[in-house]
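**Q**
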Amino acid sequence: NLKNVSLKKAGSADLWYKIALSEQKLNMDEEAEKHFEKATRLKPDKYEYARAYAEYLDSKEKLKRNLPMLTMLVQKSVAISLQQKLAVSYFYNKKYDKAAANWQKIEKKKPKLLKRNIVTAIAFAKAGKSQKALELYEYWLQKDPHSISTLEALMDLSQKLKYQPKYQPKYI
């Protein structure tokens with residue numbers, strides 16, 4: 308049994324990675340995630356371990372905590388999915404300039420991705436990239452005209468810039 312062998316070699320990143328791959332094939336995702344993470348912690352510079360673990364980063368806490376790993380992965384890969392995760396990780400770590408810069412790189416390759424999450428508008432606004440933030444807030448307000456928080460953010464930014472939004476919901 309692989310798990311019994313692993314107990315004897317608990318410090319072996321290679322073994323934890325192989326166990327995780329097996330668990331992943333068996334759709335044992337919870338266990339696979341834990342073991343990919345363990346392999347990555349034991350060998351943080353091993354690209355394939357970190358890449359496998361990055362697939363499981365799906366929450367604010369995980370993305371925030373793994374900023375250094377995501378930074379390393381993006382330096383070695385051009386995968387858009389990793390660049391998105393890095394941008395969101397920067398955002399959750401309140402590094403808005405870096406989040407916005409990363410979203411700009413993504414926009415050059417896949418412009419529609421900027422409009423998948425309102426976090427992009429917030430990141431651009433907090434990074435001082437007001438025109439881009441306005442464009443994204445207007446998009447989101449058109450998509451959900453009942454979003455008070457989006458409307459407030461758009462109006463606040465518009466007032467600061469003395470800008471008349473192109474889109475205003477009918478209830479204004």
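Just so we're aligned: the sequence shown equals residues 308 to 479 in the numbering used here.
For each residue, glycine too, the CB sits at the ideal point set by N, CA and C.
All figures in this text were calculated on a predicted structure; none of them were measured in a lab.
#1: Would you decide whether His453 is buried or exposed? Buried here means 16 or more other CB atoms lie within 10 Å of its CB.
#2: Nearest-angstrom Cα distance between Gly318 and Leu349?
#3: So, using beta-carbon positions, are Ile307 and Lys422 closer together than 9 angstroms?
#4: Where does Asn409 fall in DSSP's three states?
#5: Taking only runs that begin and end inside the region 334 to 389, name each unbroken beta strand (DSSP E) of 3 or more residues, in chain order.
#6: May I have the straight-line CA-CA distance separating Lys415 from Ile326, to the nearest angstrom?
#7: Using three-state DSSP, classify Ser313 as helix, strand or coil.
#8: Put Ala434 into one of helix, strand or coil per three-state DSSP.
#9: My assumption, with CB atoms under 8 angstroms, is that Ala428 sits in contact with Ala407. Please give the rounded CB distance.
**A** This is what the structure gives:
#1: Per the 10 Å Cβ criterion, exposed.
#2: So the two alpha carbons sit approximately 7 angstroms from each other.
#3: Since the displayed the chain opens at 308 and closes at 479, residue 307 lies outside it and no answer follows.
#4: Helix at Asn409.
#5: Listed in chain order, there is nothing to give.
#6: Taking the straight line joining both Cα atoms gives about 38 angstroms.
#7: Model confidence at Ser313 stands at a pLDDT of 49, short of 50, so the residue's coordinates are unreliable and nothing is read from them.
#8: In the structure shown, Ala434 falls within a coil segment according to DSSP collapsed to helix, strand and coil.
#9: Going by Cβ atoms, the distance from Ala428 to Ala407 rounds to 10 angstroms, so no, they are not a contact pair.
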